[in-house]
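Asker: Numbering (this note's numbering), first residue to last: 102 to 532.
Idealized CB from N, CA, C, for every residue including glycine.
Keep in mind the model is a prediction, meaning the values are calculated, not measured.
Before I ask anything, let me first share the structure, which is written out below as structure tokens.
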Ligand code: MCU
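So this is what it looks like as structure tokens:
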């Protein structure tokens with residue numbers, strides 16, 4: 102039964118609606134295997150992106166677009182999918198389903214990716230740097246190569262240096278987007294760069310999954326990056342449930358920052374600026390830059406899309422432009438989803454840092470970064486479970502919400518340890 106549980110927990114089948122809540126509980130009960138083997142477990146859910154009334158406060162992550170509230174952990178799978186579709190439709194643009202053909206190679210120095218879909222094809226590659234020791238290794242995809250890569254490797258994970266601009270180029274008008282994503286889906290695709298980049302990350306993971314796992318492990322991938330690449334890492338982790346650890350750094354406006362809160366945070370990058378500086382966000386976001394209350398979602402729910410998988414959100418309170426107060430609000434609101442799923446310790450947040458240099462390698466983040474990699478990618482030790490908010494940039498969640506976090510009846514709240522026996526039995530029996 103133990104072996105069956107492990108297999109079930111690591112490799113849930115896509116779209117098995119009835120048992121997914123049980124699987125989710127089983128995964129939480131296992132030490133680290135909270136990631137999925139599929140990109141989007143709720144892809145089969147019959148949900149729409151829904152139209153919601155204007156709301157100046159944070160939308161309730163637990164209330165469906167039809168107005169009903171979820172009551173069980175199993176309900177989260179399709180409620181999560183509603184948030185996915187709302188976020189695609191209003192904020193980031195569509196992420197196409199897995200392309201018809203993805204092929205490529207993994208070596209100890211390089212990953213190549215070839216994609217064909219809708220009669221068009223494109224390719225890109227990423228370099229690999231292995232840690233010392235014997236593989237196969239987990240890997241952290243580092244956007245633009247900018248992060249504390251020394252600590253990542255010292256913690257036992259490989260670094261995949263991903264150049265997102267090969268997949269979605271900066272500096273183009275919205276009507277002429279370029280890069281491996283747009284070669285397939287069209288230069289006037291309404292999907293923004295952040296989602297195009299996340300598609301690139303997903304295709305890298307496809308290739309790792311198909312590689313047989315002798316160099317890099319397919320079920321232990323993390324993602325990180327700083328600034329615009331932090332925005333990218335955030336979106337990648339939210340929209341691919343195979344990513345076990347999501348670590349955005351100083352991602353700012355258009356990244357983790359709550360959209361509704363940006364206009365109230367002095368000095369932060371205005372939504373209109375984040376929308377126009379580069380085509381990072383999807384074209385549809387253009388109608389919300391002056392009216393974030395009209396958005397059906399906000400970034401606390403995008404954080405919630407990552408739950409119950411590992412998250413470590415890092416922010417810099419010294420640069421007002423980064424809107425760290427609005428970022429803390431997203432982490433606090435998103436942590437409520439983690440709590441409801443019984444995984445409160447899987448999200449960490451840290452903005453209380455000394456050095457104000459944007460994208461600096463910071464001593465404060467070293468230990469929690471190492472612990473996050475070990476827990477979520479190597480399955481050893483404990484999650485850092487820290488929430489260190491800089492006092493100067495502390496958002497007040499209570500004043501931003503009208504909802505309370507539900508106690509979900511089939512394993513939420515306190516499930517992680519207590520229901521393991523039951524769910525192991527059920528899970529093994531039903532799969
Ligand atoms: C925080 O990310 C961005 C920011 O949104 C931009 O306004 C600024 O120009 O660049 C930042 C960045 O990516 O810095 C590397």
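Per the DSSP calculation, residue 171 is bridged to which residue(s)?
Answerer: Residue 171 pairs with nothing; no bridge assigned.
Asker: For the alpha helix (DSSP H) containing residue 335, name the first residue and the last one.
Answerer: Note, residue 335: alpha helix (DSSP H), 329–339.
Asker: Mind checking residue 456: buried by the 16 CB within 10 Å criterion, or exposed?
Answerer: It is exposed - the Cβ of residue 456 has fewer than 16 other Cβ atoms within 10 Å.
Asker: At a cut-off of 7 angstroms, would you count residue 383 as near the ligand MCU, judging by its Cβ distance to the nearest heavy atom?
Answerer: Residue 383: no, Cβ never under 7 angstroms from the ligand MCU.
Asker: Check each candidate in 163, 173 and 197 and name the one with the smallest Cα separation from residue 184.
Answerer: The option with the nearest alpha carbon to residue 184 is 163.
Asker: Let me check understanding here. Comparing Cα to Cα, which of 221, 211, 217 and 224 lies closest to residue 240?
Answerer: The residue with the shortest Cα to Cα distance from residue 240 is 211.
Asker: Taking only three categories from DSSP, how would you classify residue 190?
Answerer: Residue 190 falls in the helix class under three-state DSSP.
Asker: Any heavy atom of the ligand MCU closer than 7 angstroms to the Cβ of residue 295?
Answerer: No - the ligand MCU has no heavy atom lying nearer than 7 angstroms to the Cβ of residue 295.
Asker: Report the CB separation of residue 353 from residue 451 in whole angstroms; it is logged as a contact under 8 angstroms.
Answerer: Actually they do not touch by this definition, with Cβ atoms about 16 angstroms apart.
Asker: Counting along the chain, where does the alpha helix (DSSP H) carrying residue 477 start and finish?
Answerer: Its alpha helix (DSSP H) spans residues 464–477.
Asker: Helix, strand or coil: which one does DSSP assign to residue 326?
Answerer: DSSP places residue 326 in strand when its eight states are reduced to three.
Asker: What whole-angstrom Cβ distance do residue 306 and residue 341 have, given they're in contact under 8 angstroms?
Answerer: Correct: roughly 7 angstroms between the Cβ atoms.
Asker: Rounding to the nearest angstrom, what Cα-Cα distance links residue 389 and residue 398 in this structure?
Answerer: Each residue's alpha carbon lies about 11 angstroms from the other.
Asker: Consider the C-beta atom of residue 429 and the heavy atoms of the ligand MCU; say whether any pair is separated by less than 7 angstroms.
Answerer: No, the beta carbon of residue 429 sits no closer than 7 angstroms to any heavy atom of the ligand MCU.
Asker: Confirm the yes/no value for this check: CB of residue 463, any heavy atom of the ligand MCU, distance under 7 angstroms.
Answerer: Residue 463: no, Cβ never under 7 angstroms from the ligand MCU.
Asker: Counting pairs of Cβ atoms below 8 angstroms between the segment 326–336 and the segment 218–237, do you hit three or more?
Answerer: Too few Cβ pairs lie closer than 8 angstroms, so no.
Asker: Check whether the Cβ of residue 423 sits closer than 7 angstroms to any heavy atom of the ligand MCU, and report yes or no.
Answerer: Residue 423 Cβ: within cutoff of the ligand MCU.
Asker: Spatial neighbours of residue 219 within its chain, please: CB distance less than 7 angstroms, with the 5 preceding and 5 following residues excluded, ordered by chain position.
Answerer: Same-chain partners within the cutoff: 285.
Asker: What did DSSP end up calling residue 504 once you bin it into helix, strand or coil?
Answerer: Looking at residue 504 - three-state DSSP - the assignment turns out to be coil, as it is neither helix nor strand.
Asker: Between the alpha carbons of residue 325 and residue 348, how many angstroms are there, rounded?
Answerer: About 5 angstroms.
Asker: Residue range of the beta strand (DSSP E) that residue 165 falls in?
Answerer: That residue, residue 165, is in no beta strand (DSSP E); it is neither H nor E in DSSP.
Asker: Helix or strand or just coil, what does DSSP make of residue 221?
Answerer: Here residue 221 sits in strand by DSSP.
Asker: Using the three-state DSSP reduction, which class does residue 362 fall into: helix, strand or coil?
Answerer: Coil.
Asker: Assuming residue 356 and residue 293 form a contact by the criterion Cβ under 8 angstroms, report the distance between their Cβ atoms to the nearest whole angstrom.
Answerer: Not really, about 12 angstroms apart at Cβ, beyond 8 angstroms.
Asker: CB of residue 375 to nearest heavy atom of the ligand MCU: below 7 angstroms?
Answerer: Yes, the beta carbon of residue 375 sits closer than 7 angstroms to at least one heavy atom of the ligand MCU.
Asker: Please say whether residue 425 and residue 416 have beta carbons closer to each other than 8 angstroms?
Answerer: Against a cut-off of 8 angstroms, the Cβ pair of residue 425 and residue 416 comes out as a contact.
Asker: Nearest CA to the CA of residue 148: which residue from 172, 173 and 180?
Answerer: Selected option, being the one with the closest Cα: 180.
Asker: Taking residue 297 as the reference, which of 367, 278 and 318 has the closest Cα?
Answerer: Ranking 367, 278 and 318 by Cα distance to residue 297 puts 278 first.
Asker: Please confirm whether residue 478 and residue 321 have their CB atoms less than 8 angstroms apart.
Answerer: Yes; because the gap between Cβ atoms is below 8 angstroms, this pair is in contact.
Asker: Around the C-beta of residue 196, are 16 or more other C-beta atoms found within 10 angstroms, so that it is buried, or is it exposed?
Answerer: So residue 196 ends up on the buried side.
Asker: Which residues mark the beginning and the end of the beta strand (DSSP E) in which residue 344 is found?
Answerer: Note, residue 344: beta strand (DSSP E), 344–350.
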